[in-house]
Amino acid sequence: MRAASGANVPAEDDVDGMTAVLQGQEDSIAGAPAGLLVHAWSRICDRMKTEVGEVEYRTWLRQITVGPLDGDEITLLLPTRFLRDWVRGQYGDRLNALWNAELPSIRRVELQVARPGDLPAVQPENASGGDEDTGNVQSASVTSAGAAAPAPPAPADLKHDLTAPLDPRFTFESFVVGKPNEFAYACARRVAEKPSSPGFNPLFLYGGVGLGKTHLMHAIGTQLIAEGRSTVAYMSAEKFMYRFIGAIRSQSTMEFKEQLRSVDVLMIDDLQFLIGKDNTQEEFFHTFNALVDAGRQIIVSADKSPSDLSGLEDRLRTRLGCGMVADIHATTFELRISILEAKALASGVTVPAKVLEFLAHKITSNVRELEGALNRLIAHANLFGRPVTLESTHEVLHDILKAHDRRVTIEEIQRKVAEHWNIRLTDMSSARRARAVARPRQVAMYLAKQLTSRSLPEIGRKFGNRDHTTVMHAVQRVTELMAADSAFAEDVELLRRMLEN
Ligand code: ADP
Ligand code: MG
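Okay, so the sequence shown: first residue is 0 according to numbering that gives the first Met the number 0, each after it adds one.
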């Protein structure tokens with residue numbers, strides 16, 4: 000039920016620097032004057048901000064605009080379905096309660112995706128009167144959940160968020176778990192559920208580039224923030240260093256330290272960047288001790304284990320290694336396939352299993368590159384409306400595949416495979432057909448096909464002048480056997496990895 004007025008409506012209503020754009024017709028909606036809605040929303044935003052912290056507020060809630068009020072139901076508009084679902088799941092009940100507390104006639108909050116023509120009733124930007132200009136943003140970002148008193152303004156040089164934004168796509172749900180990362184994943188989940196548990200503080204995640212360290216850290220942060228129980232600061236070690244140096248320059252190290260030491264969970268990504276930066280290491284060490292002593296959680300990532308990070312101060316190394324140290328290993332073929340399947344599914348584009356297998360074979364070093372290749376295929380398919388095929392894959396990823404082309408030779412493959420199964424190298428080209436010899440030979444042909452750019456006839460020639468159909472048969476047979484016999488598949492994978500390095 001809407002009050003049908005519309006004649007003398009203010010188009011704009013400025014309240015405390017907040018512009019309320021009314022929906023055109025009403026100065027009072029269902030008995031609630033528009034000004035009331037504006038004030039109510041402003042207070043709700045402020046309240047949410049102190050409850051959930053500035054970072055979370057900015058990530059999830061700032062983009063909400065207030066739509067129409069209809070009877071006892073207020074509509075809130077969000078730009079995307081993802082945001083709407085997230086806000087509904089995480090904050091729906093709280094928003095309901097807050098609206099009801101502000102305006103008791105409101106009993107329900109409806110969350111909708113804004114359509115292009117939707118004009119907001121109230122825009123929430125700068126809802127708290129522009130405190131961004133005073134530098135409060137950063138302070139607010141480390142204000143504990145529920146702490147009502149606003150933090151004092153920070154000096155101008157500290158006017159950024161203490162924490163870098165978390166990528167909302169990096170969640171536990173979107174992380175594909177397999178043997179190489181299951182331990183790190185389990186540790187990350189554990190810390191997200193129960194920060195500062197004995198034995199898990201600090202959590203030290205390490206592994207090569209693009210294997211999911213940052214993903215897991217963001218997942219921990221996002222979960223903790225969503226639950227609203229902890230304040231989280233996440234930053235790269237490099238950023239930590241720049242902040243620290245900046246604080247020294249502006250003589251505000253005390254504020255910087257206080258801010259760092261006021262968070263519940265501090266995450267420092269890519270710690271290897273602090274190597275050789277003695278002052279920064281020292282500062283990190285003190286922050287680290289202060290936080291751990293106060294029962295807060297530290298999470299650190301690096302490309303190597305604490306003991307292998309040469310150039311790190313010994314006392315810091317010792318401290319870093321005394322919680323939980325979890326290694327993310329290089330991906331296996333199976334994990335690469337699972338990751339590709341998950342990402343293809345999420346994209347909505349059908350990618351044939353053959354293409355996924357091909358990519359998982361070719362791009363082995365790093366999930367980021369694998370993801371990049373798949374994304375390019377998907378973008379191409381969407382752009383041109385053509386299905387993804389093995390052929391189009393070769394075309395579209397020409398440059399990437401070339402860069403990944405193996406330099407390994409057929410002779411090397413034969414040697415490694417012969418060693419592995421303890422047969423003579425000459426048996427790779429001999430006419431013997433006993434299985435103990437024939438099977439390794441087939442594996443070598445299979446690997447030659449996978450790891451080199453040689454054609455089937457070329458490969459056949461290197462195996463005692465065999466026909467290309469024999470090579471084709473070998474490739475098929477090994478593929479079948481790998482699917483049927485996991486021990487055999489592991490053997491072949493192991494060989495592949497040895498040859499790739
Ligand atoms: P790192 O920090 O270890 O260099 P990232 O966490 O940035 O690696 O991961 C690189 C990319 O690969 C990200 O887009 C991430 O989402 C993706 N990724 C890595 N591992 C996985 C996994 N197990 N499941 C899903 N995506 C992954
Ligand atoms: Mg990273």
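Each residue gets a CB set at the ideal place from its N, CA and C atoms; glycine is no exception.
>> According to DSSP, simplified to helix, strand and coil, what is Gly34?
In response: helix
> What distance in whole Å lies between the Cβ atoms of Leu355 and Ala372, which are believed to be in contact at a cut-off of 8 Å?
Replying inline: No, Ala372 and Leu355 are not in contact; Cβ-Cβ is about 11 Å, not under 8 Å.
> Between Arg453 and His328, what straight-line distance do the alpha-carbon atoms span, to the nearest angstrom?
Replying inline: Distance between the alpha carbons of Arg453 and His328 is about 30 Å.
> From Asp45 to Leu76, what does the alpha carbon distance come to, in whole angstroms?
Replying inline: 18 Å
> Just to confirm, are Leu446 and Ile412 a CB contact at a threshold of 8 Å?
Replying inline: yes
>> So Ala488 and Met481 are supposed to be a Cβ contact under 8 Å. How far apart are they, rounded?
In response: With a Cβ gap of about 4 Å, Ala488 and Met481 count as contacting.
>> Considering just the uninterrupted stretch of the alpha helix (DSSP H) at Ile511, what are its terminal residues?
In response: Nothing can be reported for residue 511: it is not among the residues displayed for the chain, which extend from 0 to 500.
> Hey, which unbroken runs of the alpha helix (DSSP H) at 4 residues or more fall wholly within the stretch 406-489?
Replying inline: 409-420, 434-450, 455-461 and 467-483
>> Three Cβ pairs or more, each shorter than 8 Å: is that satisfied between the stretch 289-299 and the stretch 189-203?
In response: yes
> When the distance is taken between beta carbons, is Val395 closer than 8 Å to Pro351?
Replying inline: no
> Should Thr213 be counted as a contact of the ligand ADP given a C-beta to heavy atom distance under 7 Å?
Replying inline: yes
> What residue from Leu358, Val416 and Phe171 has the CA that sits closest to Gln391's CA?
Replying inline: Reading off the sequence shown, one finds Ser at residue 391, where the question assumed Gln. When only C-alpha atoms are compared, the closest one is Leu358.
> Would you say the stretch 165-179 touches the stretch 208-217, given that touching needs at least three Cβ pairs under 8 Å?
Replying inline: yes
> When burial is assigned at 16 or more other CB atoms within 10 Å of the CB, is Leu382 buried or exposed?
Replying inline: exposed
>> Is Arg453 near the ligand ADP - that is, is its Cβ less than 7 Å away from at least one heavy atom of it?
In response: Short note on Arg453: C-beta not closer than 7 Å to any heavy atom of the ligand ADP.
>> Closer than 8 Å is the cut-off here; do at least three beta carbon pairs connect the stretch 266-284 with the stretch 235-255?
In response: yes
> If you measure from the CB of Asp302, is any heavy atom of the ligand MG nearer than 7 Å?
Replying inline: With a threshold of 7 Å, the Cβ atom of Asp302 does not count as near the ligand MG, since no heavy atom of the ligand is closer than that.
>> Measuring straight from C-alpha to C-alpha, what distance separates Phe255 and Ala246?
In response: If you draw a straight line from the Cα of Phe255 to the Cα of Ala246, it is about 7 Å long.
> The beta strand (DSSP E) spanning Tyr56 covers which residue range?
Replying inline: Unbroken run through Tyr56: none, as it is neither H nor E.
> Are Ala39 and Glu109 touching if we call contact CB-CB under 8 Å?
Replying inline: no
> Candidates Asp277, Gln250, Phe174 and Tyr233: which alpha carbon is nearest Asp269's?
Replying inline: Tyr233
> Between Lys178 and Thr331, which are expected to be in contact by the criterion C-beta below 8 Å, what is the C-beta distance as a whole number of angstroms?
Replying inline: 6 Å
> So is the beta-carbon of Asp268 under 7 Å away from any non-hydrogen atom of the ligand HEM?
Replying inline: Judged by which ligands are present, the ligand HEM is missing from the structure shown, whose ligands are the ligand ADP and the ligand MG.
> What are the boundary residues of the beta strand (DSSP E) that Phe203 is part of?
Replying inline: In this chain, the beta strand (DSSP E) harbouring Phe203 covers Leu202 to Gly206.
>> Give me the residue from Asp307, Leu498, Ser428 and Asp292 with the minimum Cα distance to Asp326.
In response: Ranking Asp307, Leu498, Ser428 and Asp292 by CA distance to the CA of Asp326 puts Asp307 first.
> Expressed to the nearest angstrom, what Euclidean distance is found between the alpha-carbon atoms of Ile267 and Ala236?
Replying inline: 6 Å
> Within 10 angstroms of its Cβ, does Val264 collect 16 or more other Cβ (buried), or is it exposed?
Replying inline: Residue environment: Val264 is assigned as buried (16 or more neighbouring CB atoms within 10 Å of its CB, all protein chains considered).
> Within the present structure, is the beta-carbon of Phe169 separated from the nearest heavy atom of the ligand ADP by less than 7 Å?
Replying inline: yes
>> Using 8 Å for Cβ pairs, my map puts Ile338 next to Leu369. What's the rounded Cβ distance?
In response: 7 Å
>> For a test of the three-state rule: what should DSSP assign to Glu101, helix, strand or coil?
In response: Taken through DSSP and simplified to helix, strand or coil, Glu101 comes out as helix.
> Can Arg46 be considered in contact with the ligand ADP, in the sense that its beta carbon sits closer than 7 Å to one or more heavy atoms?
Replying inline: no
>> Taking 7 Å as the limit between beta carbons, can you name the residues of its chain near Tyr56, skipping five residues before and five after?
In response: Met47 and Lys48
>> I'd like to confirm something about Leu210: is its beta-carbon nearer than 7 Å to some heavy atom of the ligand ADP, or not?
In response: Distances taken from the Cβ of Leu210 to the heavy atoms of the ligand ADP include one shorter than 7 Å.
> Where do the N-terminal and C-terminal ends of the beta strand (DSSP E) with Val66 fall, by residue?
Replying inline: Before going on, a small fix: residue 66 reads as Gly here, not Val. Its beta strand (DSSP E) spans residues Thr64 to Asp69.
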